[in-house]
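**Student:**
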Amino acid sequence: MPAPSKTNLRVTEVPNPYYSRAHLTDATNPRTIPAVINVRESAITTLATRGVLDPAQVAAADRFRRLWEAIGGKGAGAIDYGKEHVDGGKARDPITERQANAGKELAKCRELLGVRLYGLVSAVAGEGFALTEIFEGKRERLTAADMLRMALDDLAELWRLATRR
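1 is the number of the first residue of the sequence shown in our numbering; add one for each residue after it.
#1: Could you give the C-beta distance for Gly123 and Ile134, rounded to a whole number, given that I count them as a contact under 8 angstroms?
#2: Tell me whether Thr28 sits in a helix, a strand or coil according to DSSP, three-state version.
#3: Taking the C-alpha atoms as reference points, what is the distance between Leu24 and Val14?
#4: If you follow the beta strand (DSSP E) that Val11 is part of, which residue opens it and which one closes it?
#5: Do Pro30 and Asn8 have their C-beta atoms within less than 7 angstroms of each other?
#6: At 4 residues or longer, what runs of the alpha helix (DSSP H) sit wholly inside the region 107-149?
#7: Grouping DSSP H, G and I as helix and E and B as strand, with all else coil, what is Val36?
#8: Can you tell me which of the three DSSP states Thr96 falls into?
#9: Beta-carbon within less than 8 angstroms of Ala145's beta-carbon, same chain only, minus the 5 sequence neighbours each way: which residues are those?
#10: Is it true that the region 135-143 meets the region 53-69, where meeting means three or more beta-carbon pairs spaced less than 8 angstroms apart?
#11: Excluding the 5 residues preceding and the 5 following Leu152 in the sequence, name in chain order all residues of the same chain whose CB lies nearer than 6 angstroms to its CB.
#12: Look at the alpha carbon of Ser42 and the alpha carbon of Lys108, and state the distance between them as a whole number of angstroms.
#13: Use the C-beta contact count for Arg160: other C-beta atoms within 10 angstroms, 16 or more gives buried, fewer gives exposed.
#14: DSSP three-state call for Ala22: helix, strand or coil?
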């Protein structure tokens with residue numbers, strides 16, 4: 001029996017990258033455009049497609065994922081000091097400024113969320129695990145989904161991605 005497909009394409013509305021506020025919003029200048037997305041691309045996309053996450057939570061998860069990827073996943077990789085440098089080249093800085101800034105921002109996230117929620121957000125938004133891969137029971141998954149939403153709300157508030165009502 002073939003393995004289940006990792007693609008599930010669906011048409012959705014996304015912000016138009018060419019939208020101009022300087023012109024009237026009409027058929028030639030729409031705010032959103034239809035796009036095809038793979039809803040199984042990540043656990044966050046799947047949860048958003050099912051209506052579990054709102055746009056601010058998705059934006060917070062995406063920002064967390066970018067920070068996570070900037071530091072190389074779980075952290076900066078080891079440096080191979082035995083590797084010979086090319087003539088004229090200089091030694092690579094072990095940690096870039098971008099990685100250092102991402103690390104500082106993730107440290108703020110960990111301080112805000114605490115160890116458990118940070119671990120959940122890291123697993124789902126950072127590493128891309130689905131809740132079904134982490135938790136076996138339905139009750140555990142539902143509780144984890146609630147906790148994930150709360151953590152993403154906190155991150156959205158931290159980064160001013162949404163305002164609470």
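Cβ atoms here follow ideal geometry from the backbone N, Cα and C, with glycine treated the same way.
**Tutor:** Short version:
#1: The sequence shown places Ala at residue 123, not Gly. Right, their Cβ atoms sit about 6 angstroms apart.
#2: coil
#3: 19 angstroms
#4: Leu9 to Pro15
#5: no
#6: Along the length of the region 107-149, whole alpha helix (DSSP H) runs at least 4 residues long occupy 131-134, reported in chain order.
#7: strand
#8: coil
#9: Counting only Cβ-Cβ distances below 8 angstroms, and skipping sequence neighbours, we find Leu47, Val52 and Leu131.
#10: When C-beta atoms of the region 135-143 are compared with those of the region 53-69, fewer than three pairs fall below 8 angstroms, so the two segments do not count as touching.
#11: Gln57, Ala60 and Ala61
#12: 24 angstroms
#13: exposed
#14: coil
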